[in-house]
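Student:
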Amino acid sequence: MGSKPTIPESVKQMSTKKDAEFSVHIVYCMIYPNGKVTGEQTPNVSGYFEIEVTKDGKKQVIHSKKNGDGIFNEKSCQPILDKLKNYVEA
Numbered sequence: 001m002g003s004k005p006t007i008p009e010s011v012k013q014m015s016t017k018k019d020a021e022f023s024v025h026i027v028y029c030m031i032y033p034n035g036k037v038t039g040e041q042t043p044n045v046s047g048y049f050e051i052e053v054t055k056d057g058k059k060q061v062i063h064s065k066k067n068g069d070g071i072f073n074e075k076s077c078q079p080i081l082d083k084l085k086n087y088v089e090a
């Protein structure tokens, strides 16, 4: 997944309750109703935000925060959806 992420010192020193239970809810634009969305957590803070698409057994990363695509926000959303459409419908 690229180079080893840099973890800010403030995060390294953060005290957390390792047994805390919670859930994460992902809200996304389902422009492909037959698509399947999965998630994977990293064992510690990594800074990763990757969007990887698999089609016909082949994988392609269409967005990688760690590889320079930046954060996912309103500005980056349309280019990501365009990449998704180009890959899925090719």
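For the sequence shown, the UniProt record's numbering assigns the number 1 to the initial residue and increments by one for each residue that follows. The C-beta atom is built at its ideal place from N, Cα and C for all residues, glycine as well. Fair warning: this is a prediction, and the values are worked out from it, not measured in the lab.
Identify whether isoleucine 31 lies in helix, strand or coil by the three-state DSSP scheme.
Tutor: Isoleucine 31 falls in the coil class under three-state DSSP.
Student: For lysine 66 versus glycine 47, is the C-beta distance shorter than 9 Å?
Tutor: Taking 9 Å as the Cβ cut-off, lysine 66 and glycine 47 qualify as a contacting pair.
Student: Run through the DSSP bridge pairs and tell me what threonine 54 is partnered with.
Tutor: According to DSSP, threonine 54 bridges with Lys59.
Student: Compare the C-alpha of lysine 58 against each of Lys18, Ile80 and Ala90 and name the closest.
Tutor: Taking only the C-alpha atoms, the option nearest lysine 58 is Ala90.
Student: Pull up the DSSP beta-bridge partners for serine 64, would you.
Tutor: Serine 64 pairs with Glu50.
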